[in-house]
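> Residue numbers (the UniProt record's numbering), protein chains in the order written: chain A, 1 to 350; chain B, 1 to 350; chain C, 1 to 350; chain D, 1 to 350.
Glycine included, each C-beta is placed from N, C-alpha and C at the ideal position.
First the structure, which I've put down as structure tokens, then a few questions once you've had a look.
4 protein chains.
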Amino acid sequence: MTAGAAGLAAEPAGPGQSTGPVRPVRVGLIGAGRIGASHAAILARRVATVELAGVADAVPAAASRLAAQLGVKAFGSPAELIGSDEVEAVVIAASSTAHCELIVAAAGAGKAIFCEKPMSMTLEEADRALAAAADVPLQVGFNRRFDAGFAAARHVVATGGVGTPQLLRSLTRDPGLANPGAVPPWTIFTQTLIHDFDTLLWFNPDAEVVEVYATADALVAPEYKSAGLLDTAVTVLTFDNGARAVAEASFSATYGYDVRAEVFGSAGMVTVGDQAASSLTHFGPDGRRVNTVRGDVELFLDAYTAEFAEFANAVRAGREPAVTGRDARRALAVALACVESVTTNRPVTL
Amino acid sequence: MTAGAAGLAAEPAGPGQSTGPVRPVRVGLIGAGRIGASHAAILARRVATVELAGVADAVPAAASRLAAQLGVKAFGSPAELIGSDEVEAVVIAASSTAHCELIVAAAGAGKAIFCEKPMSMTLEEADRALAAAADVPLQVGFNRRFDAGFAAARHVVATGGVGTPQLLRSLTRDPGLANPGAVPPWTIFTQTLIHDFDTLLWFNPDAEVVEVYATADALVAPEYKSAGLLDTAVTVLTFDNGARAVAEASFSATYGYDVRAEVFGSAGMVTVGDQAASSLTHFGPDGRRVNTVRGDVELFLDAYTAEFAEFANAVRAGREPAVTGRDARRALAVALACVESVTTNRPVTL
Amino acid sequence: MTAGAAGLAAEPAGPGQSTGPVRPVRVGLIGAGRIGASHAAILARRVATVELAGVADAVPAAASRLAAQLGVKAFGSPAELIGSDEVEAVVIAASSTAHCELIVAAAGAGKAIFCEKPMSMTLEEADRALAAAADVPLQVGFNRRFDAGFAAARHVVATGGVGTPQLLRSLTRDPGLANPGAVPPWTIFTQTLIHDFDTLLWFNPDAEVVEVYATADALVAPEYKSAGLLDTAVTVLTFDNGARAVAEASFSATYGYDVRAEVFGSAGMVTVGDQAASSLTHFGPDGRRVNTVRGDVELFLDAYTAEFAEFANAVRAGREPAVTGRDARRALAVALACVESVTTNRPVTL
Amino acid sequence: MTAGAAGLAAEPAGPGQSTGPVRPVRVGLIGAGRIGASHAAILARRVATVELAGVADAVPAAASRLAAQLGVKAFGSPAELIGSDEVEAVVIAASSTAHCELIVAAAGAGKAIFCEKPMSMTLEEADRALAAAADVPLQVGFNRRFDAGFAAARHVVATGGVGTPQLLRSLTRDPGLANPGAVPPWTIFTQTLIHDFDTLLWFNPDAEVVEVYATADALVAPEYKSAGLLDTAVTVLTFDNGARAVAEASFSATYGYDVRAEVFGSAGMVTVGDQAASSLTHFGPDGRRVNTVRGDVELFLDAYTAEFAEFANAVRAGREPAVTGRDARRALAVALACVESVTTNRPVTL
């Protein structure tokens with residue numbers, strides 16, 4: 001079940017209340033790489049409240065290829081897509097370094113904006129993006145919030161089901177580091193653990209991070225350590241309500257894509273995250289076996305679908321989406337403090 | 001993950017292969033009751049390859065109400081919907097007793113047909129429906145086949161992962177019998193266990209049922225036993241490859257909607273079916289707790305979505321859908337043999 | 001945890017209440033085969049309230065070998081052991097066909113008796129054993145009752161936690177049929193499923209079995225079918241409170257020793273039985289894997305230990321043990337009705 | 001299953017090899033508090049290779065009371081017990097501050113020694129105890145090593161099943177802090193997390209801890225923070241093979257006694273630890289529920305039993321036990337470094 005399932009059941013209005021058909025939101029997608037292509041397929045086939053109007057990429061041939069596969073229009077450039085009347089909303093899945101400029105441009109054109117994480121590379125960029133997008137819907141791609149399990153955990157925490165959070169955990173383990181040479185330094189904090197930081201902030205509502213300790217290493221690809229690539233990291237966050245949180249990441253999970261979280265508090269605990277590919281269990285001479293999910297799209301397909309449905313709903317309702325640019329800025333601040341902690345080998349105060 | 005997830009990943013065609021956009025299938029839905037309304041919402045919001053053209057019901061006001069909620073057209077009658085040029089395909093979610101006639105009419109109008117289970121009430125009706133629909137796509141609503149776990153189990157079985165099936169199990173436990181007085185006699189076999197019979201036949205490929213034993217009772221609502229309503233049943237199927245299968249059903253599962261299956265064979269076992277509402281586990285003074293799903297739509301939301309996606313794909317490809325009218329006839333034959341077994345308190349040979 | 005764990009915690013008496021040391025019960029074991037040797041090792045090393053005084057076997061050399069391994073006395077024959085003053089209580093793990101005579105002899109000598117299941121081969125033998133042992137403690141080896149999970153399930157059922165039982169299940173799957181030629185006909189009912197019948201009777205307190213249907217086959221070793229050996233069986237029990245129970249068995253579980261049970265009732269359900277060898281889960285390229293237990297002694301080591309502790313306690317307290325000869329007779333009656341049902345291919349009334 | 005189960009199966013010697021009876025080791029227990037009383041009951045009733053010769057306590061009345069309950073001798077003082085010819089081996093479950101002196105005294109009397117953790121309060125004490133006990137068996141009570149799951153995990157790690165360890169985790173959550181005022185400062189590190197440190201060292205063989213970061217707080221009983229009592233702690237260990245380990249503890253687990261561990265490496269992962277009280281699952285209107293264990297004796301009853309069986313075996317075999325005083329010293333060094341890290345709010349190099 002996705003978080004959207006409840007919505008489906010709840011939505012049908014009562015007799016006499018004519019809600020009318022919802023006109024799909026015409027979305028233009030920028031970025032034809034791995035995650036862009038995945039987003040495009042989801043937008044085109046799984047979200048009936050969205051209509052994929054077209055795609056663009058800094059490399060026009062990449063946009064053309066993806067557009068042809070999906071039978072949609074290829075825009076000549078991101079700027080052309082942003083400027084087009086055929087597009088009401090922009091989904092940004094381009095390179096992270098381009099996010100801030102694209103947000104500013106899209107906001108300038110009055111488009112609603114969905115931007116993949118991280119929203120920006122620096123806090124200055126974050127502030128610029130926030131200022132530019134003050135008057136348009138801006139949602140950031142912290143997709144885990146739309147996973148049924150994570151959403152249920154947050155609901156339990158927010159309604160007091162674990163009491164005051166005291167110990168939290170969030171982890172991300174990726175099945176593989178295809179091309180270590182291409183990964184920028186600090187990626188493990190700003191691209192990967194930023195998901196976990198958002199989760200931990202979301203799971204400890206009304207608390208702020210006051211101190212961060214981080215340690216990291218290149219254990220998977222040690223030959224890239226001198227280039228600054230770190231593939232294994234542990235971080236400890238101290239909140240102003242006394243709670244401590246641990247976020248961990250690795251780029252070498254041989255068993256699949258592993259994302260889990262845990263909130264332990266004064267009245268109980270919730271855990272969330274399951275590596276099982278389905279409810280199937282296979283018993284044989286080697287014991288009891290469950291297939292594990294292999295990638296983010298497989299694990300979070302329903303969550304990706306639900307976050308785009310939320311975006312479409314927010315656009316149509318003219319309201320702020322569930323995950324904001326301010327959320328993105330908070331998570332980035334933690335990630336950057338981790339970078340400083342690794343550099344100085346000291347806890348860093350925020 | 002749904003069975004559709006793999007499809008999503010697999011689908012993008014290679015470079016140079018322009019697949020083009022798929023024109024959504026214009027579907028008309030007949031039946032505005034509980035499951036009809038659920039199907040309509042799924043067709044309207046979750047399946048981008050389908051366009052819900054409108055709805056009809058034997059009671060026009062019911063159709064109007066549902067149509068208004070979803071912002072689609074209300075046809076004046078099922079016949080009007082079937083005859084309309086705006087409709088390429090018909091989804092039948094009307095009363096079971098009307099299924100056969102609606103199939104015959106829709107096939108006569110050249111429409112592709114998706115019919116909820118049971119396809120018919122008798123084998124004679126089944127033969128009539130099959131004959132009428134010989135030249136149009138006809139899919140029956142055995143939705144469990146589209147659940148990721150059930151599909152994975154079938155794949156393991158079909159590829160030899162459990163060896164020769166020897167002991168099988170399938171069960172359905174429904175959380176509640178809202179209105180026992182309105183349930184026709186033998187419902188537990190022809191409406192509920194028919195799902196399990198299809199599952200068991202599907203999980204034991206190339207084998208035929210040769211004998212059936214069934215026992216049933218009214219334990220939930222004993223006051224309706226005299227009216228023929230049975231709410232608790234156990235059946236044993238003997239296959240021509242020696243395998244035995246047990247199918248069980250009850251209408252009183254206080255803990256939610258429970259659908260599970262198990263295939264034990266000469267080389268191993270698979271089990272499938274999970275009552276968990278999500279990956280959340282909640283720990284407190286009462287121990288470790290997992291919320292359970294409460295209904296078929298909640299448990300099988302992704303499966304329903306996937307079966308309609310399959311239907312749309314089959315219609316566009318002009319091929320036979322994955323679940324056929326012949327499958328429906330086979331499951332019905334087992335259900336009717338169970339009725340005879342209960343009546344005679346003897347094993348019944350097929 | 002075993003059922004005995006609670007006992008350990010509960011046992012220490014209050015201040016001033018001198019319970020004194022418990023003199024271990026001097027036990028003689030009859031039967032030096034596989035299960036006898038296992039029982040002897042458990043009695044010698046794991047039950048401090050028992051002292052293994054010696055062993056006997058119909059084949060004296062077998063007794064000598066086992067006795068030497070454990071450093072205990074070898075009696076020259078079962079009769080000599082039964083007659084010895086060094087023995088207060090007899091544990092019978094001999095061939096099933098000898099059980100009745102050994103019970104009669106041991107009871108005649110005034111010994112307390114623990115007898116492996118089945119207590120007897122026929123109801124007449126059962127009555128003879130019961131009459132003979134009227135004045136001595138007589139416990140039968142339904143060890144599952146002492147498993148922590150099964151005991152907890154029974155407690156939940158007995159205290160109303162599932163309401164009125166409506167659908168029950170118990171199954172036994174053994175990892176292998178080492179020597180099919182040596183297995184007597186009907187073994188699957190009188191030796192294997194008799195455990196499940198006891199479980200089902202125990203889990204549906206105050207109800208009696210009124211009808212039995214059984215079907216069985218030789219799917220694992222078809223070449224022995226003509227000799228009457230059946231290795232796969234499904235049985236359905238109908239109780240006088242309307243509940244239906246399914247008991248299943250197979251002799252070919254490639255994945256280990258699998259014993260599970262389920263009680264579904266008007267107010268909920270309990271399931272019990274776990275194939276996991278420990279709490280270890282291993283994640284690797286093939287997914288998530290748990291080692292499974294391979295045999296009855298591995299699965300039920302704590303339960304075997306606890307049943308002998310109960311026996312010693314009952315002997316010292318001079319009270320009836322928790323599992324009686326009458327329990328054994330009830331389970332046997334169901335097993336024999338199953339044999340008749342398979343023979344006649346009809347449900348059999350008890 | 002306990003780690004002892006495998007031992008039971010493996011132990012019976014082959015034909016002709018007369019192992020003879022093992023004379024139980026006569027053990028004297030020092031310490032009649034909560035854990036001493038529990039150990040005494042286990043030694044008296046569950047370990048057939050041990051004979052509990054008597055008990056002593058710094059408070060003679062406490063010893064008398066416990067001795068009376070178990071029907072064994074009460075020694076007048078620990079010194080009297082240590083000096084007695086009736087005692088071959090001493091189990092020390094006295095106050096931690098007395099451990100070192102008792103070890104020195106028992107070793108001086110030539111007794112074999114089992115000492116609860118921590119073996120000592122300082123590294124100087126540890127060195128003194130090690131020197132004194134150089135010629136007698138000395139085992140320390142890191143009972144988790146004898147839990148079936150932990151033992152299996154260690155076996156997988158040691159045989160390469162996860163590759164090189166990269167990220168480890170161990171946690172202890174205790175259900176309650178009965179009397180916070182009585183808990184010495186730093187208890188969470190030297191008494192509780194010392195178990196986790198031993199586990200982590202054991203799970204990362206051949207590696208040494210080179211740096212430690214710890215953060216801790218009084219979240220459960222903040223009123224005792226000024227007295228130095230910390231009830232919530234997170235620590236990060238960096239090993240010389242690059243692995244990072246997180247150990248966490250809390251004294252307020254409302255859901256029971258929670259001990260888990262995880263080893264993630266270059267080739268896979270193992271997880272271990274289960275809060276389930278048994279294999280029972282209970283389904284009802286509130287969902288699916290599993291009872292959780294409530295205390296260390298309940299969770300580790302089999303492990304405690306197995307560690308005493310190992311001690312008896314080591315004593316009889318005249319060999320070093322499986323958990324040594326050197327292991328205790330290593331874990332203590334980590335705990336003391338954590339204290340320093342909390343005090344200085346800096347990572348501490350070892």
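Is DSSP giving C/Q275 helix, strand or coil here?
Looking at C/Q275 - three-state DSSP - the assignment turns out to be coil, as it is neither helix nor strand.
> Helix, strand or coil for A/A245, going by three-state DSSP, please let me know.
Reduced to three states, the DSSP call for A/A245 is strand.
> Rounded to whole angstroms, what's the CA-CA distance from D/E101 to D/E125? Just pull it up for me.
C-alpha separation (whole angstroms): 9 Å.
> What does the alpha-carbon distance come out to for the pair A/E170 and D/L350?
Reading the sequence as shown, one finds Ser at residue 170 of chain A and not Glu. If you take the alpha carbons of A/S170 and D/L350, they lie about 28 Å apart.
> So what's B/Y213 in DSSP terms, helix, strand or just coil?
The answer is strand: DSSP assigns B/Y213 an E or B state.
> Can you tell me whether DSSP reads D/S341 as helix, strand or coil?
In this structure, D/S341 counts as helix in the three-state DSSP scheme.
> Give me the chain C residues within the contact set of B/R346, using Cβ-Cβ distance strictly less than 8 Å, ordered along the chain.
Chain C residues near B/R346: R346, P347.
> Let me see if you follow: with CB-CB separation under 8 Å, is A/L200 close to chain D or not?
A/L200 does not count as touching chain D.
> Anything in the stretch 222 to 249 of chain D with a Cβ closer than 7 Å to a Cβ of chain A? List those residues in chain order, please.
Result list: T232, V234, V236, T238, G242, R244, V246, E248.
> Within 8 Å, do at least three Cβ pairs link the stretch 113 to 133 of chain B to the stretch 232 to 250 of chain B?
No, because fewer than three Cβ pairs between the stretch 232 to 250 of chain B and the stretch 113 to 133 of chain B fall closer than 8 Å, the two stretches do not touch.
> Enumerated in chain order, which unbroken segments of the beta strand (DSSP E) with a length of 3 residues or greater are wholly contained in the stretch 105 to 143 of chain D?
DSSP runs (the beta strand (DSSP E)) wholly in the stretch 105 to 143 of chain D: 112 to 115, 138 to 140.
> Going by C-alpha to C-alpha distance, which of D/T159, D/A182, D/D258 sits closest to D/H195?
When only C-alpha atoms are compared, the closest one is D/D258.
> Considering just the uninterrupted stretch of the beta strand (DSSP E) at C/I92, what are its terminal residues?
Run containing C/I92: 89 to 92, per the beta strand (DSSP E) assignment.
> Return no unless some Cβ of chain A is closer than 8 Å to the Cβ of D/S170.
Not an interface residue.
> Find the residues of chain D that neighbour A/S120, judging by a C-beta separation of less than 9 Å, and give them in chain order.
The premise fails here: A/S120 is roughly 28 Å from chain D at the closest Cβ pair, so nothing lies under 9 Å.
> Which residues in chain A have a C-beta closer than 7 Å to the C-beta of C/G284? List them in chain order.
Those are T254, Y255, listed as they occur along chain A.
> Identify the contact partners of C/R173 in chain B, using a Cβ-Cβ distance below 9 Å as the criterion.
Chain B residues near C/R173: L167, F264, M269.
> Indicate whether at least one CB of chain A lies closer than 8 Å to the CB of D/T215.
With 8 Å as the cut-off, D/T215 counts as an interface residue toward chain A.
> For A/V156, decide whether its Cβ has a neighbour in chain B, counting only Cβ atoms nearer than 8 Å.
Interface residue, yes.
> Does DSSP put C/F75 in a helix, a strand or coil?
C/F75 falls in the coil class under three-state DSSP.
> Please determine if the stretch 131 to 145 of chain B and the stretch 314 to 333 of chain B are in contact, where contact requires at least 3 C-beta pairs separated by less than 8 Å.
They touch, by the three-pair rule.
> Going by beta carbon distance, what residues of the same chain come within less than 6 Å of D/M1, once the five residues before and after it are set aside?
Only weak support exists for where D/M1 lies, its pLDDT of 32 falling under 50; the value from the coordinates is given anyway. Hits under 6 Å: A148.
> Starting from C/S170, follow its DSSP beta bridges and name the residues at the other end.
C/S170 is bridged to C/A247, C/A261.
> Ignore the nearest five residues each way along the sequence and tell me which others in D/P24's own chain have a CB closer than 8 Å to its CB.
Around D/P24: A48, T49, V50, E51, A312.
> Please confirm whether C/R46 has its beta-carbon closer than 8 Å to some beta-carbon of chain D.
Yes - at least one Cβ of chain D is within 8 Å of the one on C/R46.
> Please tell me whether B/L219 has its Cβ less than 8 Å away from any Cβ of chain G.
Annotation note: the requested chain G is absent from the structure, which comprises protein chains A, B, C and D.
> How about D/F189 and D/A261: do their beta carbons lie closer than 8 Å?
The answer is no: Cβ separation not under 8 Å.
> Using a 10 Å radius around the Cβ and a threshold of 16 neighbouring Cβ atoms, would you call A/D240 buried or exposed?
A/D240 comes out exposed.
> In chain A, which residues lie with their C-beta within 7 Å of the C-beta of B/L81?
In chain order: nothing, as chain A lies at least about 18 Å away.
> Just checking: is the beta-carbon of C/N143 within a distance shorter than 8 Å of some beta-carbon in chain A?
For C/N143, the answer is no, since every Cβ of chain A falls outside 8 Å of its Cβ.
> Is it a yes or a no for the stretch 269 to 281 of chain B touching the stretch 155 to 169 of chain B, going by three-plus beta-carbon pairs under 8 Å?
Cβ pair count under 8 Å is three or more, so yes.
> Hey, how far is the Cα of D/E340 from the Cα of D/W186?
Computed Cα separation, rounded: 10 Å.
> D/C272 touches chain B at which residues, Cβ-Cβ below 9 Å?
Checking the sequence, you will find Val at residue 272 of chain D rather than Cys. Going along chain B, no residue has its Cβ under 9 Å from D/V272, so there is no contact; the nearest lies around 16 Å.
> Label C/R34 either buried or exposed according to how many other C-beta atoms from any shown protein chain fall within 10 Å of its C-beta, with 16 as the threshold for buried.
Exposed: under 16 other Cβ atoms inside 10 Å.
> What residues of chain D sit near B/N179, judged by a beta carbon separation below 8 Å?
The premise fails here: B/N179 is roughly 20 Å from chain D at the closest Cβ pair, so nothing lies under 8 Å.
> Which ranges does the alpha helix (DSSP H) cover as unbroken runs of at least 4 residues, wholly within the stretch 19 to 45 of chain A, from first to last along the chain?
Counting whole runs of 4 or more residues, the stretch 19 to 45 of chain A contains the alpha helix (DSSP H) stretches 34 to 45.
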